[in-house]
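Accompanying notes for the structure given below.
Number of protein chains: 2
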Amino acid sequence: MIEITGQSYIAGNWITPAGDTFESFNPYNKESMYSFASCGPNEIEQATRAAESAFQTYRNLDGKTIGSFLSTIADEIEALGDQLLEVCDSETALGRVRLTGERGRTCGQLRSFAELAIKGEWVQASIDTAIPDRAPVPKPDLRRMMKPIGPVAVFGASNFPFAFSTLGGDTASALAAGNPVIVKGHPAHPATSELFAHAINRAIEKCDIPTGVFSLLQGLGNDLGTDLVKHPAVQAVGFTGSERGGRTLMDIAAARPQPIPVYAEMGSINPLFVGPNTLQAQAESIATGLSGSVCMGTGQFCTSPGIVVSVASEVFETTLKARLSETPRGYLLNPQIAASLQASLESLNNHPQLEWLNRADFEASSMTPPNAVFKTSARNFLADETMSEEVFGPVTLYVVCEDEAQMMQVAENLKGNLTASVHADEDMELGRKLFDLLDQKVGRVIYNSYPTGVEVCPSQQHGGPYPASSISTSTSVGVGAIVRFARFVAYQGTPDSLLPDALKNENPLGVYRLVNGELTREGI
Amino acid sequence: MIEITGQSYIAGNWITPAGDTFESFNPYNKESMYSFASCGPNEIEQATRAAESAFQTYRNLDGKTIGSFLSTIADEIEALGDQLLEVCDSETALGRVRLTGERGRTCGQLRSFAELAIKGEWVQASIDTAIPDRAPVPKPDLRRMMKPIGPVAVFGASNFPFAFSTLGGDTASALAAGNPVIVKGHPAHPATSELFAHAINRAIEKCDIPTGVFSLLQGLGNDLGTDLVKHPAVQAVGFTGSERGGRTLMDIAAARPQPIPVYAEMGSINPLFVGPNTLQAQAESIATGLSGSVCMGTGQFCTSPGIVVSVASEVFETTLKARLSETPRGYLLNPQIAASLQASLESLNNHPQLEWLNRADFEASSMTPPNAVFKTSARNFLADETMSEEVFGPVTLYVVCEDEAQMMQVAENLKGNLTASVHADEDMELGRKLFDLLDQKVGRVIYNSYPTGVEVCPSQQHGGPYPASSISTSTSVGVGAIVRFARFVAYQGTPDSLLPDALKNENPLGVYRLVNGELTREGI
Chain A
435 MIEITGQSYI
445 AGNWITPAGD
455 TFESFNPYNK
465 ESMYSFASCG
475 PNEIEQATRA
485 AESAFQTYRN
495 LDGKTIGSFL
505 STIADEIEAL
515 GDQLLEVCDS
525 ETALGRVRLT
535 GERGRTCGQL
545 RSFAELAIKG
555 EWVQASIDTA
565 IPDRAPVPKP
575 DLRRMMKPIG
585 PVAVFGASNF
595 PFAFSTLGGD
605 TASALAAGNP
615 VIVKGHPAHP
625 ATSELFAHAI
635 NRAIEKCDIP
645 TGVFSLLQGL
655 GNDLGTDLVK
665 HPAVQAVGFT
675 GSERGGRTLM
685 DIAAARPQPI
695 PVYAEMGSIN
705 PLFVGPNTLQ
715 AQAESIATGL
725 SGSVCMGTGQ
735 FCTSPGIVVS
745 VASEVFETTL
755 KARLSETPRG
765 YLLNPQIAAS
775 LQASLESLNN
785 HPQLEWLNRA
795 DFEASSMTPP
805 NAVFKTSARN
815 FLADETMSEE
825 VFGPVTLYVV
835 CEDEAQMMQV
845 AENLKGNLTA
855 SVHADEDMEL
865 GRKLFDLLDQ
875 KVGRVIYNSY
885 PTGVEVCPSQ
895 QHGGPYPASS
905 ISTSTSVGVG
915 AIVRFARFVA
925 YQGTPDSLLP
935 DALKNENPLG
945 VYRLVNGELT
955 REGI
Chain B
435 MIEITGQSYI
445 AGNWITPAGD
455 TFESFNPYNK
465 ESMYSFASCG
475 PNEIEQATRA
485 AESAFQTYRN
495 LDGKTIGSFL
505 STIADEIEAL
515 GDQLLEVCDS
525 ETALGRVRLT
535 GERGRTCGQL
545 RSFAELAIKG
555 EWVQASIDTA
565 IPDRAPVPKP
575 DLRRMMKPIG
585 PVAVFGASNF
595 PFAFSTLGGD
605 TASALAAGNP
615 VIVKGHPAHP
625 ATSELFAHAI
635 NRAIEKCDIP
645 TGVFSLLQGL
655 GNDLGTDLVK
665 HPAVQAVGFT
675 GSERGGRTLM
685 DIAAARPQPI
695 PVYAEMGSIN
705 PLFVGPNTLQ
715 AQAESIATGL
725 SGSVCMGTGQ
735 FCTSPGIVVS
745 VASEVFETTL
755 KARLSETPRG
765 YLLNPQIAAS
775 LQASLESLNN
785 HPQLEWLNRA
795 DFEASSMTPP
805 NAVFKTSARN
815 FLADETMSEE
825 VFGPVTLYVV
835 CEDEAQMMQV
845 AENLKGNLTA
855 SVHADEDMEL
865 GRKLFDLLDQ
875 KVGRVIYNSY
885 PTGVEVCPSQ
895 QHGGPYPASS
905 ISTSTSVGVG
915 AIVRFARFVA
925 YQGTPDSLLP
935 DALKNENPLG
945 VYRLVNGELT
955 REGI
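Protein chains in written order, with the numbering used here: chain A, 435 to 958; chain B, 435 to 958.
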């Protein structure tokens, strides 16, 4: 068993910063547990200096070494055993089943990025050979590949304490690309983060990696995060959280003397569209499926379906109400989320154009909210922007349209979203129109299913137009996430001995390369 | 012959806006030529509305149609014949030879992007097939590809009136990806831009493309550009120009309610490093090569070598002075650039730590500046940031180092640059150290050559860390530029009939796709 000390971890050293203290909170019994001290400018300075120095070695390590490091991190996470699940469950109330699954996903991600680093193909190597006798001027030899960019700041998310936090996807992809990482730990699960720092510390020692590749700065309040993003050594930011938090970091990063990219994965209402005939035919099954998606993780997913758009259906309404009300209440992650959800439910309940279909009590101090469905007309929905705001929790809004045209109008008025779902087996013409429109609005269009449950694979796209994401071209899930933390460098007329392995004539890594416009694994 | 009317072109219509008028200027004889009226908010509104509407058709055109459209634009540019060269030469003094070459490059770019659109592989299609019986949850079918993002604003550059202006690389890549383009014409070559609008107008008619895909808004002053970037319909910006101009647009774009990417290719001093032994062995040939690169295009290239970093060498210094002084003076593009260069030369001349090695006269009103080389010590250079500022014109600074360590220090202190060149045949250990350092500082490292002359090919990288570029991961030259104007969209569990062709089971486009992690052209 590892003792939770409340310290931060900077480049191989455990330190106790001098900042304000804060405590880990148990949502089950509402008791405080471990005490932590907040990092400040001094710790940022130490962590960034160590990261810059480590970068000079780490960036040049071969893919096998980096891959083995990432696999070892996964092994060491597993080696934390039940303590990790127990500590995290006590800090998040996510439950052992969910956390076991999320641990698997987190280790799976690390191993996928390990494979990617070992294979070495992610650098998109490209070679155009010289034509010395070309007229009017000779063509030079040009070769291009992706290279790491430098220290990356990662902000852990409260709702994915494993998969999108200390050693989650952002950290894994930044490390895989050859960058050091400085994590600003989420104050809602600091003990969990501390355990992860132990895991990566062991991997760093075992694999003989420069210690500066990783630091974990614990802290409460916004200053630590904003100061980190302002630090000139930081070259990119990975963030998962609220639209307000993400936009704050975007604005800070854009105002730096050297602006840097912020890859923020933010809010989303994930609309679900059901064609009129399809609703008629499948009212009960879609209501049941939707209810499961709304309640999953107590609605604390960025892909939680916040609105369902269709025509009126009593069967659908009745089934949805019943399914939601009969689903046992889940726990919320922390008192801040509980307070925010309580305020949202009160405001929705008091809204004259909204009807709470399965109204239930929810005390301000309770950590277990009702699974709620509200109803409004499309006309009202279109007239009031506040109805499109994300509510973080097990809440959905049934937007009742008069006809297909009104459904299209709702779709046209959507802001950027991570996902949109379409159920249209009996409404294929509407389905076609919705698909054509929705792929301009979202990162992932889902047919006949529900948005929660984000598969980790190369074809996944987790990132949509603003405000779903800050940089809609990128994904934060799947191996495609690695390119966020790398940039292309070209080498002109360069002798083989000075070229990175991926660009050498004989192709020692055996990777696919674009040679004179054609993909090949052959050497030059 | 096409009559130059001074009008702007909005979605197929020639219009005369009500804004301030300005005149086309002839650098050869300093006479005014054509008169133009400036566009304002009304014209922006018309152009963006037409672009949004055209996008709904254009985005769904197949690659062959888009490719044929781009090829036809190239044909129509060539069909403008000598008038294009004459008009542009009279507006820019770039000369027929250079402009003939640049026209070839511009049409070549358009045809490369045409091929790319026809081939259809640029969308990076990826498919992960379903595993319905996977435990604990089924794996859904996921497919991902790049899709266009919407109307793109393009700012023409003064120094490349063909290749980086109205129908240059930014416009070609945005159109190829399926986006409408609104060009803010550069006021230094408005008649040239007008001719280009005629060319694309003919291509739009011949290929039956929605007219809203292209507008050219002429105008003087900054408001037109900033208002265009602020317009909510605009989804991305392409810009080539000064650091100040680029940063202004970046700041505006970042402050929008919906921030958008600005792909700005800005300033660069393109350092050239020569190892001590290599300088001894090749002083004359490197001085000659450098002089040619400095004088090319009267130094008005973003890749012009602004500093040369080496040890002291009298032979090198004497030869460089001689070559620069014997090279006939070239013309500058416009009076603004002439005034700015005059101010820079005066300031450099008055700098106590700088020596103008081949001092020559340059009157304030002259359009033909001297080819100048200044000298300073590395110690002085490192102590004074202003010496690292780009001077737009045929000017270079010889930074004399005491030893290799000081050369490395200069390299370490560099900001982001588009290129760095290394001559180190006799200094391979220094060459290795420089390569390792410089690929963190620049987009393209060049061995044994000079930075001017940017080859257009897939392995080209034209874009470096800030302030060379706003988004260092992207390139503005080469077919890789297309991804700037597209983003990934994933489709989950979607029937073949609703999928884009690139993702359909049978692979009707015959493109390479990543299917379950392996590149293949096979169908599913």
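We treat Cβ as the ideally placed atom computed from N, Cα and C, and that holds for glycine. Bear in mind that the values here come from a model prediction, so they are computed numbers and not experimental data.
Going by C-alpha positions, Leu601/B is about 31 Å away from Lys581/A.
The beta carbons of Gly440/B and Ala471/B sit closer together than 8 Å.
By the beta-carbon neighbour count (other beta carbons within 10 angstroms, threshold 16), Pro786/B is exposed. Spatial neighbours of Ser524/B in its own chain (CB-CB distance under 6 Å, excluding positions within 5 residues in sequence) are listed in chain order as Asn460. For Glu457/B, the enclosing beta strand (DSSP E) has its first and last residue at Thr455 to Asn460. The stretch 606-617 of chain A and the stretch 584-595 of chain A touch, with three or more beta-carbon pairs separated by less than 8 Å. When rounded, the separation of the alpha-carbon atoms in Asp604/A and Phe919/A is 9 Å.
Inter-segment contact for the stretch 867-886 of chain B and the stretch 838-855 of chain B is present: three or more beta-carbon pairs are separated by less than 8 Å. As summarised for the stretch 917-954 of chain A, there are no continuous alpha helix (DSSP H) elements at least 4 residues long confined to that stretch. Within chain A, the residues placing a beta-carbon under 7 Å from that of Val571/B are Gly887, ordered along the chain. Interface criterion not met: the Cβ of Gln843/A is under 8 Å from no Cβ in chain B. Taking 7 Å as the upper bound on Cβ-Cβ separation, chain A lies near residues Val571, Lys573, Pro574, Leu576, Arg577, Arg578 and Lys581 of the stretch 566-592 of chain B. Residue-level contact check: Pro614/A does not touch chain B, since none of the beta carbons of chain B fall below 8 Å from its beta carbon. Contact note: Met684/A reaches chain B through Ala688 and Pro693, using a C-beta cutoff of 8 Å and chain order. Under the Cβ criterion of 8 Å, Ser906/B is counted among the residues facing chain A. Listed in chain order, the non-local C-beta contacts of Ala548/B below 6 Å within the same chain comprise Gly501, Leu504 and Ser505, local neighbours out to five positions each way being set aside. Taking Gly726/A as reference, the option from Ala513/A, Leu758/A and Leu816/A with the minimal CA-CA separation is Leu758/A.
Sixteen is the threshold: since fewer than 16 other Cβ atoms of the shown chains lie within 10 Å of the Cβ of Ser781/B, the residue is exposed. For Ser774/B, there is no enclosing beta strand (DSSP E); the residue is found in the alpha helix (DSSP H) stretching over Pro769 to Asn784. In the DSSP assignment, Ala597/A falls outside any beta strand (DSSP E), carrying neither H nor E.
According to DSSP, residue pairing for Leu831/A in a beta bridge involves Ile741/A and Phe808/A. Residues Ala591 of the same chain have their beta carbon placed closer than 6 Å to that of Gly675/A, with the five preceding and five following residues left out of the count.
For Ala608/A, the nearest beta carbon of chain B is not closer than 8 Å to its own beta carbon. Residues Glu510 of the same chain have their beta carbon placed closer than 6 Å to that of Arg636/B, with the five preceding and five following residues left out of the count. Among the residues facing chain A, Pro710/B is not included, as its CB has no counterpart in that chain under 8 Å away.
In chain B, no part has a C-beta under 8 Å from the C-beta of Leu779/A; the shortest such distance is about 27 Å.
A contact is defined here as three or more CB-CB pairs under 8 Å, and the stretch 620-631 of chain A fails this definition with respect to the stretch 693-711 of chain A. One thing to note: Thr645/A has its Cβ within 8 Å of the Cβ of Ile638/A.
As for any alpha helix (DSSP H) of minimum length 4 sitting wholly inside the stretch 684-737 of chain A, the runs are 710-729, ordered along the chain. What Ser893/A touches in chain B, judged by beta-carbon distance under 8 Å, is Ser560, Ile561, Asp562, Leu576, Arg577, Arg578, Ala924 and Leu948, going in chain order.
Taken through DSSP and simplified to helix, strand or coil, Asp562/A comes out as strand. Linking Ala772/A to Val834/A through their CA atoms gives a straight-line distance of about 28 Å. Judged by their CB atoms, Val890/A and Val917/A are not nearer to each other than the 8 Å cut-off.
The residue from Val913/A, Gln894/A, Ala915/A and Val923/A with its alpha-carbon nearest to that of Ser908/B is Val923/A. Secondary structure of Leu651/B (DSSP, three-state): strand.
Against chain A, the beta carbon of Leu953/B has neighbours under 8 Å at Tyr946 and Leu953, listed in chain order.
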